[in-house]
Amino acid sequence: MKNIMNKTATVMAVHRERYELLAENHMFYGKLKTADFYNVNERVEFPTVGDEVEILFNETGDSLITKVLPRKSVFMRQTMGLPDQAVAANFDYVFITMSLNRDFHISKLERYLTVAWQSGGTPVIVLTKADLCEDRGRYLEQIYEAAPGVDVFCISSLTGEGIPEMEHFFAEGRTMVMLGSSGVGKSSFVNTLMGKEEMATGGIREADAQGRHTTTHRQCMFLPKEIVLPSGERIMGGGRIIDTPGMRKLIVSEVEEGLKSSFEDIEELAACCKFSDCTHKSEPGCAIRRALEDGTLSEKRWKTYQDMLREEAFSKERKKAMMKKIGKARKEIKAKRG
Ligand SMILES: Nc1nc2c(ncn2[C@@H]2O[C@H](COP(=O)(O)OP(=O)(O)OP(=O)(O)O)[C@@H](O)[C@H]2O)c(=O)[nH]1
Ligand SMILES: [Mg+2]
Ligand SMILES: [Zn+2]
Numbered sequence: 022m023k024n025i026m027n028k029t030a031t032v033m034a035v036h037r038e039r040y041e042l043l044a045e046n047h048m049f050y051g052k053l054k055t056a057d058f059y060n061v062n063e064r065v066e067f068p069t070v071g072d073e074v075e076i077l078f079n080e081t082g083d084s085l086i087t088k089v090l091p092r093k094s095v096f097m098r099q100t101m102g103l104p105d106q107a108v109a110a111n112f113d114y115v116f117i118t119m120s121l122n123r124d125f126h127i128s129k130l131e132r133y134l135t136v137a138w139q140s141g142g143t144p145v146i147v148l149t150k151a152d153l154c155e156d157r158g159r160y161l162e163q164i165y166e167a168a169p170g171v172d173v174f175c176i177s178s179l180t181g182e183g184i185p186e187m188e189h190f191f192a193e194g195r196t197m198v199m200l201g202s203s204g205v206g207k208s209s210f211v212n213t214l215m216g217k218e219e220m221a222t223g224g225i226r227e228a229d230a231q232g233r234h235t236t237t238h239r240q241c242m243f244l245p246k247e248i249v250l251p252s253g254e255r256i257m258g259g260g261r262i263i264d265t266p267g268m269r270k271l272i273v274s275e276v277e278e279g280l281k282s283s284f285e286d287i288e289e290l291a292a293c294c295k296f297s298d299c300t301h302k303s304e305p306g307c308a309i310r311r312a313l314e315d316g317t318l319s320e321k322r323w324k325t326y327q328d329m330l331r332e333e334a335f336s337k338e339r340k341k342a343m344m345k346k347i348g349k350a351r352k353e354i355k356a357k358r359g
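In the working numbering, the protein residues as written are 22 to 359.
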């Protein structure tokens, strides 16, 4: 049997039930081939932005997406009561975006780092709104402690300050995904690179510095080959950037691997405890206790690490309960079918 319509395409945007696809420099729309994606007996990945998919190309209407090809990286989000959702895929860098003003929380950064390390991409910290910040030193100090070895950039999307230092990320063949809370300036950064208002941006509510969730869908864009910054300075582009909506709350799931990378220092310390099953409470020869006492490890960082472990345990329990429910539902459907 031959099918000359078989192609692969890249998912550039996800709308409610439609996917914006790109193949051979041609933009078109696709839908899921329902039978392939909603078969209750199989667990399949739903396409997300950045995915490479197999399609049945249709010249006159929506093409049919039949399969998601293996991903080199993926960033997952957990939504209460629903299976994990892939936010974006196949990126090289995760731009963890935080603003250099009131919204700055180091514990948030630690969570984002965990998710980034776990995704398979390389985290890069992008501190926005540098034009609004008088004293970035105190932020940077905390960041260097929380994210040793991770690149940090202070930028302003308004003036373009700090962006030329990031030029090497924007090169052709590279893909980056924006990650960060609502209102930190992810879309503004994208727009400055694109040289136009590609994504809508929004104000933030002054009272609580909480974003309004301006971006509601995920979009992948090609940067111009030459990026012109607000100052008129030109840098090289050509790569791809994925904008995402701000995450109100990032629930970390199955973070073990990510934990090891962003809390490597703690893992290493724990490995030096006298007892391999040390609970780090009152055992003799506990390297964690010692580090806490002499200040090598800050109480705050230790607490964040513990919170993360707790959250992970909770999330695993919830997942188990959910899988049980789904399993039961599947059995019922099978039984009905006879
Ligand atoms: N002064 C200044 N304001 C900025 C900068 N970047 C963003 N803003 C402002 O911050 C607000 C939020 O920016 P957005 O780009 O919409 O934020 P976002 O992260 O995309 O938010 P969501 O789409 O809700 O996740 C807007 O009012 C922007 O004008 C900056 O570098 N300097
Ligand atoms: Mg946005
Ligand atoms: Zn110990």
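Where a beta carbon is used, it is the ideal one built from N, C-alpha and C, also for glycine.
None of the values given here were measured: they were computed from a predicted structure.
Would you kindly work out how many angstroms separate the C-alpha atoms of residue 153 and residue 143, rounded to a whole number? 27 angstroms
Does residue 213 come out as helix, strand or coil in the three-state DSSP assignment? Residue 213 sits in a helix when the DSSP states are folded into three classes.
Considering only their Cβ atoms, is the gap separating residue 179 from residue 251 smaller than 9 angstroms? yes
Whose CA, out of 171, 89 and 265, lies closest to the CA of residue 206? Closest option to residue 206, Cα to Cα, is 265.
Residue 87: beta carbon under 8 angstroms from a heavy atom of ligand 3? no
For a quick check, are the C-beta atoms of residue 44 and residue 76 less than 9 angstroms apart? yes
Specify whether the region 131-141 and the region 319-329 touch according to this definition: at least 3 beta carbon pairs, one from each stretch, less than 8 angstroms apart. yes
With residue 51 as the anchor, note down where its beta strand (DSSP E) starts and where it stops. 47-53
Looking at residue 217 and ligand 2, is the gap between the Cβ and the nearest heavy atom below 8 angstroms? no
Comparing the CB of residue 220 with every heavy atom of ligand 2, is any distance shorter than 8 angstroms? Because some heavy atom of ligand 2 lies under 8 angstroms away, the Cβ of residue 220 counts as near it: yes.
With DSSP as the reference, label residue 207 as helix, strand or coil. helix
Taking DSSP as the reference, what is the three-state secondary structure of residue 262? Strand at residue 262.
Within the present structure, is the beta-carbon of residue 236 separated from the nearest heavy atom of ligand 2 by less than 8 angstroms? yes
Could you please give the first and the last residue of the uninterrupted beta strand (DSSP E) stretch that includes residue 42? 40-44 is the span of the beta strand (DSSP E), which, as asked, contains residue 42.
Could you check the C-alpha separation between residue 164 and residue 119 for me, to the nearest Å? 11 angstroms
Check whether residue 196 and residue 71 have beta carbons under 9 angstroms apart: yes
Nearest neighbour of residue 96, chosen from 55, 141, 46 and 166 [CA to CA]: Nearest to residue 96 by C-alpha distance, out of 55, 141, 46 and 166, is 141.
Is any non-hydrogen atom of ligand 1 found closer than 8 angstroms to the C-beta of residue 150, if you look at the structure I gave you? yes
Taking C-alpha atoms, which residue in 323, 29, 128 and 139 lies nearest to residue 79? For residue 79, the nearest C-alpha among the options comes from 29.
Using 8 angstroms for Cβ pairs, my map puts residue 69 next to residue 110. What's the rounded Cβ distance? 5 angstroms
Given 8 angstroms as the limit, tell me if residue 176 has its C-beta closer than that to any heavy atom belonging to ligand 1. yes
What are the partner residues of residue 197, as DSSP defines its beta bridges? 114 and 262
Examine ligand 3 and report whether any of its heavy atoms sits within less than 8 angstroms of the Cβ of residue 310. Yes, Cβ of residue 310 sits closer than 8 angstroms to a heavy atom of ligand 3.
Can you find the residues in the same chain that come closer than 7 angstroms, C-beta to C-beta, to residue 241, ignoring five residues on each side of it along the sequence? 33, 34, 70, 71, 261 and 263
Using alpha carbons as the reference points, say which of 139, 129, 213 and 236 lies closest to residue 222. 236
Cut-off 8 angstroms between Cβ atoms - residues of its own chain near residue 367, not counting five sequence neighbours on either side: Look at the range of the chain in this structure, 22 to 359, and you will see that residue 367 is not part of it.
Got a sec, what are the start and stop residues for the alpha helix (DSSP H) residue 308 sits in? 308-315
Using the Cα positions of residue 285 and residue 291, report the straight-line distance between them to the nearest angstrom. 10 angstroms
Considering only the beta carbon of each residue, do residue 42 and residue 74 sit closer than 9 angstroms? Their beta carbons are under 9 angstroms apart, which means residue 42 touches residue 74 by this criterion.
Considering only their Cβ atoms, is the gap separating residue 299 from residue 309 smaller than 9 angstroms? yes
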